[in-house]
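> Could you have a look at this structure, given as structure tokens, before my questions?
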Amino acid sequence: MASTSKDNMQNICSHDNPEKDLEPGASHDSILNPTDSFEEFATEMNSSLEGRATDVTKKSSTISEIQSEIGECSKALKETKSSENLLNKDEAISSSVSNSNLQEQNGDDTESELDDYLKSPELVNKEKHVFILSSAGKPIYTRYGNEDKLAGLCGVIQALVSVVEEQNRDILRSIITKDCKAVFLVKGPLILVGMSKSNESETQLVLQLTYAFNQIVSVLTLTQLNRIFEQRRNYDLRRLLSGAERLIDNLLIFMEKDPAFLLGAVRCLPLPEKVRENITSAIISTCHKIRDLVFAILIAGNQLITLVRMKKYTLHPSDIHLLFNLVRSSESFKTAESWTPICLPKFDATGFLHGHVSYISEDCQACLLLLTVQRDAFYPLSQAKHTIADKLRRSYCLTAINDALNRNKDLTTTNPLKHIGIPEIRHFMYKCKSTAQLFTSDPISLDRLQDYRQRHKEGGDVVKKKVEKLSDMDYVRNYREFCSKIHCARSPAKLIFRSNSEDTILAWITNGFELYVTFDPLMEKDLAIRAVDRLLRWIKNEEKRIFIMNAPTF
Amino acid sequence: MSSRKKVLLKVIILGDSGVGKTSLMNQFVNKKFSNQYKATIGADFLTKEVIVDDRIVTMQIWDTAGQERFQSLGVAFYRGADCCVLVFDVTAPNTFKSLESWRDEFLIQASPRDPDHFPFVILGNKVDLDNRAVSAKRAQQWCQSKNDIPYFETSAKEAVNVELAFQTIARNALAQETEAELYNEFPDQIKLNANDNNRNRDGDNCAC
Ligand SMILES: Nc1nc2c(ncn2[C@@H]2O[C@H](COP(=O)(O)OP(=O)(O)O)[C@@H](O)[C@H]2O)c(=O)[nH]1
Ligand SMILES: [Mg+2]
């Protein structure tokens, strides 16, 4: 069904040639870490049993590096790193039990008790389940239902994982049936399981589980998570995570529909270049003297407005996604200035940054995060925030942000397809690789997101019925398969073109970008390619508005 | 919903094959007993909610196979247990003699932090039968010699002492699970609203 061609594209489009000119959105400086999330997860999938235990602890602490650089190593923040190997090989014993012995062959009653709950309406027919348990087999989190009632299932999962580990000295990665994929991820003291009936690939599911793990780390730090289970392997982690389940719920919903996760990229709020410059300089001029400030980040509606950073440090897209999720999930930020510890796992999993988090003003739903290594910097940062807000208001930046957020019809970026003027294009999604930023033709607006979340609270069920008008989310679902083919480690495709009576999809990856386009059905290939060329020119033209093209520092 | 935090306890049942582990668990969870003997192969998991001192506690019970060849499900199985229940059959003296090695096996595999005070409970099962061969006194003496392990005489068949035994198991495990304030250094989120902040402009006495 999919025709792939590796050589076809080179001669068609000049954008593939990096010497000629930079692809749309590319810049030499990037605020974001351009790590390809797929490569990273391919590494995850290839990790060995022995390697796994160590690589969660070997990272050095960026936070202490910053602290020593600014010459004040606060004792409070110093966290000792764990050296204990979580999988103590000496303890492992071999045994002759084979996997099949795990089947419950005893007591029909015992089986049915667990089965009954698994068949209850809370759980049955869901498109995707996510379970998190401790390596002792105690439930920590479930996407649906009550984790207490799933304690039996958690026992079974733990047994499956550990039998493969201890008896076969191997790692259980996935179980695939005709209509369901189950993937397993052991991270430090936790076991994460995703079970999906959708078209997501194993890699995509592992990526989601890794995000869920990082969300937990973001609340506790990896150091603390490891230490808890070193001290008490029977620990019921729900105690420390109470309140954070909501964050994991929201993150999982978020990932189902925002392509930013799929592509490991960050969406920026489209703004006139001048406005973004003004915002950035308002932040820099206010904050440049606050020397412990590591990042100042202004976001709105899961989109980045600007990010000013301490020299040398950049952020990984996945850390930004966690910040988006935190802000989106916390109603309390709307009513009060908050001072909150935040661990950004990619930046430094071993410690907390301290964040001053607040919305810019009541009439502008942009949220400012000032992240520092100082634990008692609330007042200076609070003052800085007010100064920044005043400056933004006076320079009409708040109005510009609101226009972009409300998708003002006068902005070319509000309805890009109209402006591009190629009627055959129904939807597109573009990632600039060097800056890890993303643009789609139909950015999810906040209210629709809300709708979606409400629907998902009740449902999350597998739906068979055909939807008439596709939304961004639905296009993104369609792109998943293409995305995994393009990122397939064994034989990656560079260009995929698939045309049928429902639609035509083109997926294309070069050194500089990834592009996914949906056209009308039965589109000719060369027509599609010409359209893509025009599309890329439009993006190039608008790049200063839709992307952040520089990497400002304090 | 109760405002108290939920607790989940991992309970492991060990003992020779045929002593009635699976039957005890079934009696406790499902209030049922069957005379048919079906060997547990590998492991069974059951859960039950109990109330201990007004707290809702979920017991996650791990029933093991007693057979020689399945004896070790490995470290992973025992890892992070909150309580270990050792069962013997009062009509079969050899099952009583095995208790020692089951206890050792558990302590080696699970390596709990404080082995001397790890909560065990001993159940002498099948007291409904006439051909009793291990006296209560003998069992009690052994339990006393092991740091006073609580001892119950049970019948899974006639539901004697089963409820009481499991209540004790939950209570003792919970007691061990003290809410140790190990993680006090966890910095709390501080919230200040704008007004307070204005009044207190220079204050470094924020409530951290
Ligand atoms: N009379 C009597 N028989 C019991 C009792 N408990 C278990 N049994 C029987 O002993 C046999 C073994 O029980 P089972 O629970 O499978 O033992 P397990 O191997 O330790 O799990 C079964 O035939 C049960 O019916 C009891 O309290 N009284
Ligand atoms: Mg049994």
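If you read the sequences in order, they're chains C and V.
The numbering used here puts the first residue of the first sequence at 1, with every later residue one more than the last.
The numbering used here puts the first residue of the second sequence at 555, with every later residue one more than the last.
Glycine included, each C-beta is placed from N, C-alpha and C at the ideal position.
#1: When you compare the CB positions of C/H356 and C/S382, do they come within less than 8 Å of one another, or not?
#2: Looking at ligand 1, does it come within less than 7 Å of V/G574, judged from the CB to the closest heavy atom?
#3: For ligand 1, is there a heavy atom less than 7 Å away from the beta-carbon of C/G188?
#4: When Cβ atoms are compared, which residues of the segment 116 to 143 of chain C fall closer than 7 Å to chain V?
#5: Are any of the Cβ atoms in chain C nearer than 8 Å to that of V/V561?
#6: Using a Cβ-Cβ distance cut-off of 8 Å, determine whether C/K149 contacts chain V.
#7: Please list, in chain order, the residues of the segment 163 to 179 of chain C that have any C-beta partner in chain V closer than 8 Å.
#8: Please report how far the alpha carbon of C/H427 lies from the alpha carbon of C/L515, in whole angstroms.
#9: Taking its Cβ as the centre, do 16 or more other Cβ atoms sit within 10 Å of C/T177, making it buried, or is it exposed?
#10: Looking at the secondary structure, which residues open and close the alpha helix (DSSP H) in which C/W389 lies?
#11: Got a sec, what are the start and stop residues for the beta strand (DSSP E) C/P139 sits in?
#12: Comparing C-alpha positions only, which one of C/F324, C/M255, C/C364 sits nearest to C/E200?
#13: In terms of residue numbering, what span does the alpha helix (DSSP H) encompassing C/C617 cover?
#14: Would you mind stating whether C/V275 and C/L353 have Cβ atoms separated by less than 8 Å?
#15: Below 7 Å, is the gap between the Cβ of V/D570 and the nearest heavy atom of ligand 3?
#16: Is the segment 218 to 228 of chain C touching the segment 170 to 186 of chain C, taking contact as three or more C-beta pairs under 8 Å?
#17: In this structure, what does DSSP give as the bridge partners for C/R309?
#18: DSSP three-state label for V/A710, please.
#19: Are the C-beta of V/Q695 and some C-beta of chain C separated by less than 8 Å?
#20: Which stretch, first to last residue, makes up the alpha helix (DSSP H) that contains C/D558?
#21: Please tell me whether C/F565 and C/V308 are closer than 8 Å, where the distance is taken between their beta carbons.
#22: Is V/A635 helix, strand or coil by DSSP?
#23: With distances taken Cα to Cα, identify the nearest neighbour of C/W508 among C/S196, C/K525, C/D520.
#24: Pop quiz: C/L237 and C/L326 are said to be a contact at Cβ under 8 Å. What is the actual Cβ separation, rounded to whole angstroms?
#25: Which residues mark the beginning and the end of the beta strand (DSSP E) in which C/H354 is found?
#26: Distance, Cα to Cα, C/G301 vs C/R530?
#27: The beta strand (DSSP E) spanning C/Y516 covers which residue range?
#28: Let's test the definition: count the other Cβ atoms within 10 Å of the Cβ of C/T335 and tell me whether it reaches 16, buried, or not, exposed.
#29: Please return the same chain residues whose Cβ sits closer than 6 Å to the Cβ of C/H129, not counting the five positions on each side in sequence.
#30: State yes or no: is the C-beta of V/L600 within less than 8 Å of the C-beta of V/V583?
#31: Would DSSP call C/K126 helix, strand or coil?
#32: Do you know offhand how far C/D376's Cα is from C/H288's?
#33: Alpha carbon to alpha carbon, what distance is there between C/I320 and C/A26?
#34: Taking one C-beta from the segment 660 to 674 of chain V and one from the segment 627 to 638 of chain V each time, how about it: are there three or more such pairs within less than 8 Å?
#35: Mind reading off the beta-carbon distance from V/V714 to V/T722? Whole number of angstroms is fine, and I expect it under 8 Å.
#36: With a threshold of 6 Å on Cβ separation, who are the neighbours of C/F439 within its own chain once the five nearest residues in sequence on each side are excluded?
Judging by the given coordinates:
#1: Indexing the first sequence from 1 puts residue 356 of chain C at position 356. Indexing the first sequence from 1 puts residue 382 of chain C at position 382. Yes, the Cβ-Cβ distance between C/H356 and C/S382 is below 8 Å.
#2: Counting from 1 along the second sequence, the entry for residue 574 of chain V is found at position 20. Correct: V/G574 has its Cβ closer than 7 Å to ligand 1.
#3: By one-based count along the first sequence, residue 188 of chain C stands at place 188. No, ligand 1 has no heavy atom inside 7 Å of this Cβ.
#4: S134, S135, A136, G137, K138, P139
#5: Walking along the second sequence from the start, residue 561 of chain V turns up at place 7. V/V561 counts as touching chain C.
#6: Residue 149 of chain C sits at position 149 when you count from the first residue of the first sequence. Yes, its Cβ sits closer than 8 Å to a Cβ of chain V.
#7: V163, E165, E166, Q167
#8: Numbered from its first residue, the first sequence carries residue 427 of chain C at position 427. Numbered from its first residue, the first sequence carries residue 515 of chain C at position 515. Taking the straight line joining both Cα atoms gives about 11 Å.
#9: If you number the first sequence from 1, residue 177 of chain C lands on position 177. Looking at its Cβ environment, which holds fewer than 16 other Cβ atoms inside 10 Å, C/T177 is exposed.
#10: By 1-based counting over the first sequence, the position of residue 389 of chain C is 389. It should be noted that the sequence gives Ala, not Trp, for residue 389 of chain C. Note, C/A389: alpha helix (DSSP H), 378 to 394.
#11: On the first sequence, residue 139 of chain C is found 139 positions in, with the first residue counted as 1. Element bounds for C/P139: 139 to 142.
#12: On the first sequence, residue 200 of chain C is found 200 positions in, with the first residue counted as 1. For C/E200, the closest alpha carbon among the candidates C/F324, C/M255, C/C364 is that of C/M255.
#13: Beyond the ends of chain C as shown, which are 1 and 554, falls residue 617 of chain C; an answer cannot be given.
#14: Numbered from its first residue, the first sequence carries residue 275 of chain C at position 275. Numbered from its first residue, the first sequence carries residue 353 of chain C at position 353. Contact flag unset, no.
#15: Absence of ligand 3 from the depicted structure is noted, with ligand 1 and ligand 2 being the only ligands included.
#16: no
#17: Numbered from 1 along the first sequence, position 309 holds the residue referred to as residue 309 of chain C. In the DSSP output, where bridge partners are listed per residue, C/R309 has C/F295, C/T553.
#18: Locating residue 710 of chain V in the second sequence gives position 156, where the first residue counts as 1. Here V/A710 sits in coil by DSSP.
#19: Here residue 695 of chain V refers to the residue found at position 141 when the second sequence is read from its first residue. Closer than 8 Å: no.
#20: Any answer about residue 558 of chain C is impossible in this case: the structure gives chain C only from 1 up to 554.
#21: Limits of chain C in this structure are 1 at one end and 554 at the other, which puts residue 565 of chain C out of reach.
#22: Taking the first residue of the second sequence as position 1, residue 635 of chain V is located at position 81. In this structure, V/A635 counts as coil in the three-state DSSP scheme.
#23: Numbered from 1 along the first sequence, position 508 holds the residue referred to as residue 508 of chain C. The residue from C/S196, C/K525, C/D520 with its alpha-carbon nearest to that of C/W508 is C/K525.
#24: For the purposes of this step, residue 237 of chain C is taken as the residue at position 237 of the first sequence. For the purposes of this step, residue 326 of chain C is taken as the residue at position 326 of the first sequence. Contact doesn't hold; Cβ gap of about 19 Å is too wide.
#25: The residue given as residue 354 of chain C occupies position 354 in the first sequence. Where C/H354 is concerned, the enclosing beta strand (DSSP E) stretches over 353 to 361.
#26: Here residue 301 of chain C is taken as the residue at index 301 of the first sequence, counted from 1. Here residue 530 of chain C is taken as the residue at index 530 of the first sequence, counted from 1. Approximately 33 Å, taken between the alpha carbons.
#27: As a working note, residue 516 of chain C is residue 516 in the first sequence. Segment 513 to 519, the beta strand (DSSP E) holding C/Y516.
#28: Reading the first sequence from its first residue, position 335 is the one you call residue 335 of chain C. Result: exposed.
#29: Translated into the one-based positions of the first sequence, residue 129 of chain C becomes position 129. If we look at C/H129 and ignore the five residues flanking it on each side, its Cβ neighbours are R143, M195.
#30: If you number the second sequence from 1, residue 600 of chain V lands on position 46. If you number the second sequence from 1, residue 583 of chain V lands on position 29. The answer is yes: Cβ separation under 8 Å.
#31: Taking the first residue of the first sequence as 1, we reach residue 126 of chain C at position 126. Looking at C/K126 - three-state DSSP - the assignment turns out to be strand.
#32: As a working mapping, residue 376 of chain C is identified with position 376 in the first sequence. As a working mapping, residue 288 of chain C is identified with position 288 in the first sequence. Looking at the two C-alpha atoms, the distance is approximately 18 Å.
#33: In the first sequence, counting from the first residue as 1, residue 26 of chain C sits at position 26. In the first sequence, counting from the first residue as 1, residue 320 of chain C sits at position 320. For C/A26 and C/I320, the distance between alpha carbons rounds to 19 Å.
#34: As far as the Cβ criterion goes, the segment 660 to 674 of chain V touches the segment 627 to 638 of chain V, which means the pair count is three or higher.
#35: Mapped onto the second sequence, residue 714 of chain V falls at position 160. Mapped onto the second sequence, residue 722 of chain V falls at position 168. With 8 Å as the limit, V/V714 and V/T722 do not qualify as a contact, their Cβ atoms being about 14 Å apart.
#36: Taking the first residue of the first sequence as 1, we reach residue 439 of chain C at position 439. Closer than 6 Å at Cβ, skipping near neighbours: Y430, I546.
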